[in-house]
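**Q** Top line first, the protein sequences correspond to chains Y and R.
Counting in the numbering used here, the first sequence runs from 8 upward without gaps.
Counting in the numbering used here, the second sequence runs from 53 upward without gaps.
From the three backbone atoms N, C-alpha and C, an ideal C-beta is built for every residue, glycine too.
Remember, predicted model here, so these are calculated numbers, not experimental data.
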Amino acid sequence: MSTPLTLADDAEHMDHPTGLLRWLTATNHKDIGTLYLFFSFTMFLVGGTMALIIRAELFQPGLQIVQPELFNELTSLHGLIMLFGAFMPAFVGFANWQIPMMIGAPDMAFPRLNNFSFWLLPPAAMLLVSSFFVPGGATAAGWTLYPPLSVQMGPGMDMAIFAIHILGVSSIIGSINIITTILNMRAPGMTLMKMPMFVWGWLVTAYMLILVMPVLAGAVTMLLTDRHFGTHFFNAAGGGDPVMFQHIFWFFGHPEVYILILPGFGIISEVIPAFARKPLFGYRSMVFAMCAIGLISCLVWAHHMFTVGMPVAGQLWFMYASLLVAVPTGVKVFNWTATMWKGSLSFETPMLFAVGFIFVFVMGGVTGVILAIAPVDIQMQDTYYVVAHFHYVMVAGSLFAMFAGAYYWLPKWTGHMYDETLGRWHFWLSMIFFNLTFFVMHFLGLAGMPRRIPDYPLQFADFNMIASIGAFGFGLTQLLFLYIVIKCIRGGEKAPAKVWDGATGLEWTLPSPPPHHTFETPPVIA
Amino acid sequence: MMTSDLAKLMMVASLALPGIAIANGEAKFGFQTPQTPVAHQIYDLHLIVLGIGVAIALVVFLFMFYAILRHRRSLGHQASQFSDNKALTIVWTAIPLLIVVGMAFPATRTVVAMKNTSSPDMTVKVTGYQWKWRYDYLGENVSFYSDLSTPRDQIENRAQKGENYLLEVDNPLVVPVGKKVRILVTANDVIHSWWVPAFGVKQDAIPGFVRDSWFEVDTPGIYRGQCAELCGKEHGFMPIVVEALPEEQYKTWLAEQRTKNKVVAAAASAAAEKTYTLDELKTEGEKVYGRNCVACHQANGQGVPGAFPALAHGPITTGPIAGHVDIVMNGSKKNPAMAAWKGQLSDIELAAVITYERNAFGNTMGDMVQPKEIAAAAK
């Protein structure tokens, strides 16, 4: 027998469980956002610890701390955990907290699915981390899992494959939820071209995730059947081709790079106007640039494979297409600069991280253009130059964008102001140690140091030592961030509804912290 | 030669800027000194693109830092509220587009040059193994393996590290200068990558496929590189060393190799006929083990739990000898990390190492296998 929904039923929603059950059964977008963010920060520390063991081994030439096999396991898992465990879930955390508040929706479209997509993550993370302790250890084939090397691995490889499957399911569910929310639950009057840039960034990202995650799942499944069920997808002896794996993998892998940066672009496009006290320059071109980047990024994958020996036509196509990505990316950088131009700028921590983002992202962008030139790339492929480049884009790009977003919205989320002095320390220490770690890696790569090696010739010794010192400084600095966040949750100056005087957007119409349920009656956008 | 002039211009321009020491020709901050026509092109190309990139970045930073310094609220600067400018947007879409198109032209020329492996003066087949290289001089009847020669003691910090630590091999690839050398690159087990930075050559070695590349060395010398594709445990320990000799010296070297090969072959076939004592096989086997097996199965035969099985009291080393011979010669179906050593080691080496493994690490089987039996098993 069915009863019509009444207000009394609705009131029952308010009576949500507390304690552990609150989190296990969470369907509220704010709770789930919090879960995502804490989970991802935990994984960030786990992946970061691995990076520090790697840097400790590379502090001096010779083998001191870890043996080559474990070293390879650490580099592989550092990559997998940072990408799938830390960065992707962190952006989903931002999406959960912010998208409903920014579009004036009461919650995500599928709250229970939302719960499911989060709770898929811990088992996947446990599979990855515990694979160190099975016979043979974790996969040591690099995060790219190239066969035939990955076929040689022990059961740790299968655990990584299953973890990727689970994480992929979580990403796809999350993306469907985000797309549905954005397309169907915007407040009346909020047309697509009035949406905040962060929401746009996530809309494009979610479509890309749905496009490429199944491709990755296919690639690792083929790897699994090659390993155990006698197929020969990637085995030349059976008519397969190891290079085919690379094509399939990078068809996922390259868009993945933009999946990890587009929501960050969105955050930067929110923060800069707020602290310039000036509207975002060229909103329409920003949206078009984002869509163009999403589209072109699906057509450039083999620029990761210039050394496999592609025909001339293949090399040229992938070189030209890769160079083309620079155009819309450039537009975004120019627009941010133009937004700052003639503004009334102030430099609270979110703005520091946003400007820092532009600074380091432009450097990563320049090395990106250099790497797009096929002949130059062939010289730099699989060297520390590439390591420097993608850390400039990932750490300094995505991570600094997330820090900007975290400081920007933390007062809204917690109802308290964070400690501004400590925030500034966090920025400056991160910025200095980041560059100390990764800038010298350009020189190592140019001079000929391959990546993924546990020991190196003597001429690389001094820069490696500098990089290791920087890495430890950078790693320890991130504990300061944890302290700042906890301090902010526990107390601090009361935050007003509109935390930043230049901020615009629906989230600032809500009290800080926002009540558990918001926008039950949609606001109307003029 | 326009590219080269442009490159010099860029080099001067970027050297004038602080912190852009990258354009310096020293290997410390930039590419190693190029030694082949292709490497020269890559070197110049890099300087051009770097120069353009740095220039654009500086323009962006100039505007950004001007705004940061002047357009501050703390200076009382009022925000103007402009939010779009169609002309400006078109300009900064079109100009980068033209710049990348401009970059693509010289790059295309180099891509075509790198791929032009036609009419070589000589061809060497390069095969990657876990973890060494093999060179076959096609049509010359000269082939050999090239293995890391840095002693284990230096790697494990028990001895002072030498000048060419991790960049030295027992048998370097020897080529003549001024000749177009084509390399056919493939691999035996997993993907490796043959890379000599000074030559501008990096070619992945893909098992089951043959890819080619080429180089023509300008000046005699010894050039060093490393494997550039993660290929397992000893990936950091399989360097590439190329010795470029004047043509006359190269011919002498080639002739020496042929004689040496004949002597070695004669000795090997004589050795294969002989019957050995257990001690002779064990002594020889210990050396073979140290060169080929120790990286995985360890000096004490304990292996690495989970990854590489222990040989001490192992089911194969203390089981029937036929099974032991089979796995060493043909590799393991269960664990692809165990290579097939049939082609890589001679009959006497195989016989010796198998005998050694059955009578070392506390194994006391007391049995042995003769090279003749290995030859029979290979048939």
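1. Mind listing the chain R neighbours of Ser351/Y? Cutoff is C-beta to C-beta under 8 Å, in chain order.
2. Given this structure, state the Cα-to-Cα distance separating Ala429/R from Val405/R, to the nearest angstrom.
3. Step through the CB atoms of chain R and report whether any lies within less than 8 Å of the CB of Arg284/Y.
4. Classify Gly245/Y as buried or exposed, calling it buried when 16 or more other Cβ atoms lie within 10 Å of its own Cβ.
5. Between Leu42/Y and Met115/Y, what straight-line distance do the alpha-carbon atoms span, to the nearest angstrom?
6. Which residue's Cα is closest to the Cα of Pro203/R: Leu219/R, Phe115/R, Trp247/R?
7. How would you list, in chain order, the residues of chain Y whose beta-carbon sits under 9 Å from the beta-carbon of Trp393/R?
8. Would Phe413/R count as contacting chain Y if we go by Cβ distances under 8 Å?
9. Could you spell out the range, first to last residue, of the beta strand (DSSP E) harbouring Pro228/R?
10. For the stretch 433-440 of chain Y and the stretch 448-461 of chain Y, state whether three or more C-beta atom pairs, one from each stretch, are separated by less than 8 Å.
11. Taking 8 Å as the threshold (C-beta atoms), are Val316/R and Ile373/R in contact?
12. Using only the alpha-carbon positions, how far apart do Val111/R and Phe98/Y sit?
13. Quick check: Val219/Y and Glu263/Y, are their CB atoms within less than 8 Å of each other?
14. Quick one, which of Leu97/R, Val178/R, Pro249/R, Ala91/R has its alpha-carbon nearest Pro457/Y's?
15. Would you mind reading off the limits of the alpha helix (DSSP H) that contains Ala345/Y?
16. Given a threshold of 16 other Cβ atoms within 10 Å of its Cβ, counted over all protein chains shown, does Lys431/R qualify as buried or as exposed?
17. Going along the stretch 131-156 of chain Y in order, which residues come within less than 9 Å of chain R, judged by CB to CB distance?
18. Would Pro298/R be called buried (16 or more neighbouring beta carbons within 10 Å of its own) or exposed?
19. Can you tell me where the alpha helix (DSSP H) holding Arg291/Y begins and where it ends?
20. Check the C-beta distance from Leu81/Y over to Met57/Y and give it rounded, since I have them as a contact under 8 Å.
21. Does any residue of chain Y have a CB that is nearer than 8 Å to the CB of His365/R?
22. Check whether the stretch 458-467 of chain Y touches the stretch 493-502 of chain Y, taking contact to mean three or more Cβ pairs, one atom from each stretch, closer than 8 Å.
23. What does a CB cutoff of less than 6 Å around Val73/Y pick up in its chain, not counting 5 residues either side in sequence?
24. Roughly how far, in whole angstroms, is the beta-carbon of Phe252/Y from the beta-carbon of Trp308/Y, given that I think they are within contact range, below 8 Å?
25. Which residue's Cα is closest to the Cα of Val229/R: Lys213/R, Phe251/R, Ala211/R, His244/R?
26. Which runs of the alpha helix (DSSP H) at least 4 residues long sit entirely within the stretch 381-446 of chain Y? Give them in chain order.
27. Report the rounded CA-to-CA distance for Phe368/Y versus Ala403/Y, giving the unit in angstroms.
28. Between Ser137/Y and Thr146/Y, how many whole angstroms is the CB-CB distance? I'm expecting something under 8 Å.
29. When you compare only the Cα positions, how much space is there between Thr85/R and Met409/Y?
30. According to DSSP, what are the bridge partners of Asp264/R?
31. Starting from the C-beta of Ile426/R, find all residues in its chain whose C-beta is less than 6 Å away, skip the five residues before and the five after it, and write them out in chain order.
32. For Phe364/Y, which of Asp508/Y, Asp233/Y, Ile274/Y, Ser475/Y has the nearest alpha-carbon?
33. Who are Arg186/R's beta bridge partners in DSSP?
34. Within the present structure, is the beta-carbon of Asn216/R separated from the nearest heavy atom of the ligand ZN by less than 7 Å?
35. Determine the DSSP secondary structure at Pro457/Y, reduced to helix, strand or coil.
36. Which residue from Lys424/R, Ala296/R, Ser132/R puts its Cα closest to that of Asp270/R?
**A** Let's see:
1. Going along chain R in sequence order, the residues near Ser351/Y (Cβ under 8 Å) are His123, Arg124, Arg125, His129, Gln130, Ala131.
2. Going by the C-alpha atoms only, they are around 15 Å apart.
3. It does; some Cβ of chain R falls within 8 Å.
4. Result: exposed.
5. Each residue's Cα considered, the two are about 15 Å apart.
6. Considering only alpha carbons, the answer is Leu219/R.
7. Neighbours of Trp393/R on chain Y: none; closest Cβ ~16 Å, over 9 Å.
8. Using beta-carbon distances, Phe413/R does not count as an interface residue toward chain Y, since no partner is under 8 Å.
9. Note, Pro228/R: beta strand (DSSP E), 225-228.
10. Verdict: no, contact absent.
11. No, these two residues do not count as a Cβ contact at 8 Å.
12. Cα-Cα distance, rounded: 31 Å.
13. Result yes, Cβ atoms of Val219/Y and Glu263/Y sit closer than 8 Å.
14. Among Leu97/R, Val178/R, Pro249/R, Ala91/R, the Cα nearest to that of Pro457/Y belongs to Pro249/R.
15. In this chain, the alpha helix (DSSP H) harbouring Ala345/Y covers 319-347.
16. Lys431/R should be labelled exposed.
17. From the stretch 131-156 of chain Y, only Val141, Pro142, Gly143, Gly144, Ala147, Ala148, Gly149, Thr151, Tyr153, Pro154, Pro155, Leu156 have a Cβ closer than 9 Å to chain R.
18. By the neighbour-count rule (16 or more Cβ atoms within 10 Å), Pro298/R is not buried but exposed.
19. DSSP places Arg291/Y inside the alpha helix (DSSP H), whose first and last residues are 290-303.
20. At roughly 5 Å, the Cβ-Cβ gap stays under 8 Å, so Leu81/Y and Met57/Y are in contact.
21. Not one chain Y Cβ lies under 8 Å of His365/R.
22. Too few Cβ pairs lie closer than 8 Å, so no.
23. Closer than 6 Å at the Cβ level, and outside the excluded window around Val73/Y, lie Glu64.
24. Actually they are not in contact, since the Cβ atoms of Phe252/Y and Trp308/Y sit about 12 Å apart, beyond 8 Å.
25. It is Phe251/R whose Cα lies nearest to the Cα of Val229/R.
26. 381-387, 391-398, 407-421, all fully within the stretch 381-446 of chain Y.
27. Note on geometry: alpha-carbon atoms of Phe368/Y and Ala403/Y lie some 7 Å from one another.
28. No, Ser137/Y and Thr146/Y are not in contact; Cβ-Cβ is about 13 Å, not under 8 Å.
29. Roughly 41 Å separates the two Cα atoms.
30. Beta-bridge annotation (DSSP): Asp264/R is paired with Leu236/R.
31. Around Ile426/R: Asp399, Leu402, Ala403.
32. When each option's Cα is compared against that of Phe364/Y, the closest is Ile274/Y.
33. Bridge pairing for Arg186/R: Thr179/R, Tyr197/R [DSSP].
34. Of ligands this structure carries none, so the ligand ZN is not represented either.
35. Note: Pro457/Y maps to strand in three-state DSSP.
36. Checked all of Lys424/R, Ala296/R, Ser132/R; the closest Cα to Asp270/R is Ala296/R.
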